[in-house]
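Peer 1: The listed protein sequences derive, respectively, from chains A and B. Using numbering that gives the first Met the number 0, the letters of the first sequence map in sequence onto residues 0 to 338. Using numbering that gives the first Met the number 0, the letters of the second sequence map in sequence onto residues 0 to 797. Before I ask anything, let me first share the structure, which is written out below as structure tokens.
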Amino acid sequence: MKQQLEAIRKQALDKLAQISDLKELEEIKVAYLGKKGELTRILKGMGALSAEERPIIGQLANDVRADLEENIANTRARLVREERDRKLKSEIIDVTLPGKIRAIGKKHPLTLVLDEIKDIFLGMGYEIAEGPEIELDYNNFEALNIPKNHPARDTQDTFYISDNVVLRTHTSPVQIRHMQSNKPPIRIICPGRVYRSDAVDATHSPVFHQVEGLVVDKGVTMGDLVGTLQAFAKSIFGENTRIRLRPHHFPFTEPSAEVDVSCWGCGGVGCRICKGEGWIEILGAGMVHPNVLRECDIDPDIYSGFAFGMGVERITMGKFGIDDMRLLFENDIRFLRQF
Amino acid sequence: MKAPIKWLSDFVNINVPIKEYTEAMTLSGSKVEGVEDMGRDIEKVVVGKILSMERHPNADKLRICKVDIGSEVLQIVTGAPNVKEGDYIPVALVGAKLPGGEIRLSKLRGVESYGMMCSIDELNLTKDYLPDAPDYGVYVFKGTPELGADVKDVLDLDKVVEFEITSNRPDCLSIIGLARESAAVLGETFKIPKVEVKEEAGGDINDFVSIEIKNPELCYRYTARVVKDVKIGPSPEWMQRRLAAAGMRPINNIVDITNYVMLEYGQPMHAFDLEQVQGRKIVVRTPEEGETIRTLDGQDRELDPEMLLICDANRPIGVAGVMGGENSEITEKTSTILLESATFNGSSIRRTAKKMGLRSEASIRFEKGLDIENAIPALNRCAQLIELLGAGKVVKGVIDCNCKQYEKRVLKFEPERINSFLGTEIETAEMVRIFKSLEFEVDEKNMTVSPPSFRNDIVELADLCEEIARFYDYNNIKPTLLSGKESMQGRKTYKQKMEDVIRNTMYACGLNEAYTFSFASPRVFDTLNLAKDHPLRNAVVISNPLGEDFSLMRTTTIPDMLKSLSTNYNRNNPEAALFELSYVYIPTDGKELPDERETLTIGMYGGTSDFYEIKGIMEELMEAMGIKEYEFRPEKEEACFHPGRTAKLFVKDKNNKMVYAGILGEIHPDVAENYECPNRTYVAMADVAVLIDASTTEKQYKPLPKFPAITRDLAVVVDAELYVAQMLQTIKQEGGEYLEDVDVFDVYKGAQVPDGKKSVAFSLSFRASDRTLKDEDVNIAMDRILKGLEKEFDAQRR
Ligand SMILES: [Zn+2]
């Protein structure tokens, strides 16, 4: 009987070592440990044993059972693992195939730049002011120290609706509206759509976008203007950007400046983008003209301020290397999806 | 303003490299737009004299010349037909550089040629600059220039600097003004050579003419001289070349002299034929009723009462500051002239010039307001040049009608205010130095400064600050950041935040952002099939548009969206989905400015786009904007949309009223065809202000359900035309307190459903918040719902 038990153990263990699926495992389990299994069958013959033999064989039978149970459990774990491995292996995919796109829409490049400009100035404590695109001549010109028949009107080819109403040529009228309804301290930017009577070509558009800024407070200096523009230029064009101010004339600021940034193409040594100059003009700026402050009931002997303005298209084209302004208004999906 | 360096050098020493000069001028505010170097690329081209000419043995058209270039005699082969022995000609030596390349020793049909005779083309010059040059062939010098001399010197080839002059600095629209600035920038002295007029004709100007100003508000000063024995002829080469270099075409000596003085002094001059001035009287006045004038260009001009005229005793003989009259024009026969040097009201000149469409070098100077003290010096310079050129004899005396005596402006000199305005620490002495270099008078005892008469732009502290700053150099101002002042918080308004929500929702829904122009053509209303009296046809009209297509401010964004979609379609992009956030402009009665309505426009074709997709985007938007109560009502009337596939969006406003917020649907096939869009094109348009008004950012958490829901399906057959929205309303009404949600999961027409009917399947879910529902609870509700549908819509359960 002892030999019989050992033989069962060996036979069962050999089988377990060879099988490769769970169904076989169940069969083996039933065959050896089941109610009608080998082990049970042998144990039923226990009654024929002597009293000395019985505990020994009983002990052995229990050992064999425990051994088989443990082995079955181990084999099950092995088989489960092997089956998982097989499954994983059968599920291999080519991860280098292109991804499936859940296409989200793209921001227009002008919005990208506008958002960036807004973020920079929001961070510097500016509010965003807005106003109408169709404006009174008074707000667009006269209050800005540009009376009717002033030669400075030549620099801004204006669309007229009537003698008193124009398509705004800059967002400066928003500054006037804001100053006339708010007291200093004032710190705003005015983004928006503006109009000039320029025929459409690669570098001109009768409709374009500007962001202007205005600060009015006690003790605002031209140094503050320079510092603000420098911080802005570094923010939008990169930490190594330098700015250069050239004296200029705008009727609504005094002193006035045109502001260049070091070329984003070459960093200032001269290239095709900057036509060899090393500088690219992107801004107009200056200290708010005392006549403009007076027009808004702000005393220039107490308050001072600065203002600046930039063309969004120009910056956008520079930043993204867009060489034709018309692309910005055509809305070809192949263009828009690049941003 | 084009300024030849040699001309500037009459008044100031410019002895720095050109690049350094232009940069310094630019950084002090006289922006250099470019430098034209007339002698650029010309090297080793000298004056030669043709000693002899022989026919080339092997070529009929070539000749072999011996050319004396001073140091030696060269053999040069030429094909030029226009030269002869004894001519002085430009010779490009072997090794010479020309714009067309380098000259080499060459053999022409076996004969060596040690150089080339040059035409003006080969020297990159024009007939404007050298009017005596032949159209073809080699240039021949007049006179006997020194042999071997560099042609750049002989021809005065100069560097010409082009400045951008801003409207506040009319004084810089002159060589003298720019020389002044140059002197201040370079630290050189500025000097005008003394102008003397010999007045060889003697006599007394008052015997020739009298002058009266009737409108002193329009004419501030009128000065005149008279010149007798005028001989009209060409002006000398040097003057022609300077004029040409500065961009003016030489005409004759008198015209050239007046132009020369205008460029040099910035004071436009005019010459009248004095014999044509009736009554020997100049009257400066506005027109009389019905008066007209024929100007120099032969045009008859209507006059309006605000225009200023120069008249004689009887009639207008010129439009002040704009153009002379034909009746007093200088001709070959003119023998006595009146030279006018005047200052006028700038705005008046500008208005007149604009109205007549006659902007000239003169009018652009006058309109900026000229220095009243410059009239007489310019007049004298003009007389001096007439004498110098032998163009006539100047009569003794000047007539000077001065209605607006110059008053020196005295401004407070407050160095510390200047420094605190600029954020600088500039020494007072340095400020004094800057002011003085600009010819300002500085009274250091009383601390005042006075700008010179030609600086009308200097009126207050800010102007003084600019003068100091531009010579201190803006770039030396230390950058500071706004600080120590009341701190401010930057933030977006509610509207701006909601615009961000709208944009972000559109991006998330796969729509790409578009930008279009705000203009419209009057034809778009027809292409949209709008009725003749449609309110959208009432648009703001631009009085000076860039053309008909851009002549209105748009009242609807649909045409621009269709155009953008069409662009994509025509470029074979298989699908496109766009949105734009922009404005339309609606005229409002009784108001000067129109109502600018912010508009969201969505457009798509191809891919999965259909009505329900664009509606889904709008529903997503309602969700994002926190708009809980809205409905889509079928719309059959809107002409540019498909009558069966269009809905209007209504939202509940703050007053609990359902208000119109937008429209969405499939574009009418006729309109799609008009715009060359695909047949199934979908557009939505919404009024952003209405949406924002109905929106909220407030959110409130609702506890998650603790008890399970029971779901039931219900399919009914109803009339095919019945709107599901109506059925949903009934279901919600009858569903009772436990009905949590209803979904439409199938709409079916076809087999097993009678003609004219459709089957609609709903999935309903029921839940109680305080217990697990029993089937009986739900059965009661389902019964009620079915009865309701049967009663309202004659629905049959399937
Ligand atoms: Zn560059």
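By construction, the Cβ of each residue, glycine as well, lies at the ideal position given by its N, Cα and C atoms.
Would you verify that the beta carbon of P205(A) is, or is not, closer than 8 Å to some beta carbon of chain B?
Peer 2: Yes - at least one Cβ of chain B is within 8 Å of the one on P205(A).
Peer 1: Does any CB atom of chain A fall closer than 8 Å to the CB of V31(B)?
Peer 2: No, V31(B) lies away from the interface with chain A (no Cβ there is under 8 Å from its Cβ).
Peer 1: Apart from the five residues on each side of it in sequence, which residues of its chain come closer than 6 Å, Cβ to Cβ, to G602(B)?
Peer 2: Closer than 6 Å at Cβ, skipping near neighbours: M560, L564, L577, V682.
Peer 1: List the residues of chain A whose Cβ lies closer than 8 Å to the Cβ of A183(B), in chain order.
Peer 2: Under the 8 Å cutoff, chain A gives no residues; its nearest Cβ is about 13 Å from A183(B).
Peer 1: Compare the C-beta of N163(A) with all C-beta atoms of chain B and state if any pair is closer than 8 Å.
Peer 2: Closer than 8 Å to some Cβ of chain B, the Cβ of N163(A) qualifies, so yes.
Peer 1: Alpha carbon to alpha carbon, what distance is there between Y221(B) and C400(B)?
Peer 2: C400(B) and Y221(B): Cα-Cα distance of roughly 5 Å.
Peer 1: Once DSSP output is grouped into helix, strand and coil, what is the label at H248(A)?
Peer 2: In the structure shown, H248(A) sits in a strand (DSSP, three-state: E or B).
Peer 1: Using 10 angstroms around the beta-carbon of M322(B), count the other beta-carbons present and answer buried if the total reaches 16, otherwise exposed.
Peer 2: Buried is the call here.
Peer 1: Using 8 Å as the Cβ pair cut-off and three pairs as the minimum, do the segment 66–75 of chain A and the segment 25–36 of chain A touch?
Peer 2: Counting Cβ pairs under 8 Å, three or more are found: they touch.
Peer 1: Using the Cβ count rule (16 or more neighbours within 10 Å means buried), how would you classify A91(B)?
Peer 2: By the 10 Å Cβ count, A91(B) comes out buried.
Peer 1: Beta-carbon of K274(A) versus every beta-carbon of chain B: anything under 8 Å?
Peer 2: With 8 Å as the cut-off, K274(A) does not count as an interface residue toward chain B.
Peer 1: Return the CA-CA distance between H641(B) and I666(B), expressed in angstroms with no decimal places.
Peer 2: Near 6 Å, if we compare the C-alpha coordinates of I666(B) and H641(B).
Peer 1: Taking only heavy atoms of ligand 1 into account, decide whether any of them is closer than 7 Å to the Cβ of I272(A).
Peer 2: Yes; taking the cut-off as 7 Å, the Cβ of I272(A) has a heavy atom of ligand 1 nearer than that.
Peer 1: If we ignore side chains and look at the alpha-carbon of each, how far apart do L282(A) and D548(B) end up?
Peer 2: So the alpha carbons of these two residues sit roughly 31 Å apart.
Peer 1: Using 7 Å as the cut-off, classify the Cβ of C265(A) as near or not near the heavy atoms of ligand 1, replying yes or no.
Peer 2: Answer for C265(A): yes, Cβ within range of ligand 1.
Peer 1: Could you check if Q2(A) is buried or exposed, using at least 16 other CB atoms within 10 Å of its CB as the buried criterion?
Peer 2: Under this definition Q2(A) is an exposed residue.
Peer 1: Hey, out of Q209(A), N181(A), Y194(A), whose CA is closest to I188(A)'s CA?
Peer 2: Among Q209(A), N181(A), Y194(A), the Cα nearest to that of I188(A) belongs to Q209(A).
Peer 1: What's the C-alpha gap between R783(B) and L763(B)?
Peer 2: C-alpha separation (whole angstroms): 13 Å.
Peer 1: Determine, using beta carbons only, whether P414(B) comes closer than 8 Å to chain A.
Peer 2: By this cut-off, P414(B) is not an interface position.
Peer 1: What is the residue span of the beta strand (DSSP E) that K96(B) lies within?
Peer 2: Residues 87–97.
Peer 1: Label M446(B) either buried or exposed according to how many other C-beta atoms from any shown protein chain fall within 10 Å of its C-beta, with 16 as the threshold for buried.
Peer 2: By the 10 Å Cβ count, M446(B) comes out exposed.
Peer 1: Hey, is G269(A) close to ligand 1, as in C-beta under 7 Å from one of its heavy atoms?
Peer 2: It does: the Cβ of G269(A) is within 7 Å (strictly closer) of some heavy atom of ligand 1.
Peer 1: Determine, using beta carbons only, whether L481(B) and D93(A) come nearer to each other than 8 Å.
Peer 2: No.
Peer 1: Let's see if you can read the secondary structure: which residues bound the beta strand (DSSP E) around M52(B)?
Peer 2: Residues 42–55.
Peer 1: Does ligand 1 have a heavy atom nearer than 7 Å to the CB of C676(B)?
Peer 2: Checking every heavy atom of ligand 1 against the Cβ of C676(B), none is found closer than 7 Å.
Peer 1: Which residues, in order along the segment 108–127 of chain A, keep a beta-carbon less than 7 Å from a beta-carbon of chain B?
Peer 2: From the segment 108–127 of chain A, only L109, T110, F120, L121, G122, M123, G124, Y125, E126, I127 have a Cβ closer than 7 Å to chain B.
Peer 1: Give me the Cα-Cα distance between E263(B) and W6(B), rounded to the nearest whole angstrom.
Peer 2: E263(B) and W6(B): Cα-Cα distance of roughly 8 Å.
Peer 1: Find the nearest neighbour of I501(B) within the set L620(B), T554(B), V523(B), I385(B), judged by alpha-carbon distance.
Peer 2: Out of L620(B), T554(B), V523(B), I385(B), L620(B) has the C-alpha closest to the C-alpha of I501(B).
Peer 1: Say whether chain A places a C-beta atom closer than 8 Å to the C-beta of A461(B).
Peer 2: Taking Cβ atoms only, chain A reaches closer than 8 Å to A461(B), which makes this a yes.
Peer 1: Whose CA, out of L78(A), G122(A), K14(A), I103(A), lies closest to the CA of A230(A)?
Peer 2: Nearest of L78(A), G122(A), K14(A), I103(A) to A230(A), Cα basis: G122(A).
Peer 1: Taking any Cβ of chain A, which residues in the segment 431–459 of chain B have a Cβ under 9 Å from it, in chain order?
Peer 2: Listed by position, the residues of the segment 431–459 of chain B near chain A (Cβ gap below 9 Å) are D456, E459.
Peer 1: Given 7 Å as the limit, tell me if G277(A) has its C-beta closer than that to any heavy atom belonging to ligand 1.
Peer 2: Checking every heavy atom of ligand 1 against the Cβ of G277(A), one is found closer than 7 Å.
Peer 1: Are the C-beta of E595(B) and some C-beta of chain A separated by less than 8 Å?
Peer 2: For E595(B), the answer is yes, since a Cβ of chain A falls inside 8 Å of its Cβ.
Peer 1: Taking only beta-carbon positions, decide if R186(A) is within less than 8 Å of chain B.
Peer 2: Yes, R186(A) counts as interfacial toward chain B.
Peer 1: With respect to 7 Å, is the separation between the Cβ of C639(B) and the closest non-hydrogen atom of ligand 1 below this value?
Peer 2: The answer is no for C639(B).
Peer 1: Have a look at W237(B), K83(B), S327(B), M657(B) and flag the residue whose alpha-carbon is nearest the alpha-carbon of E274(B).
Peer 2: It is S327(B) whose Cα lies nearest to the Cα of E274(B).
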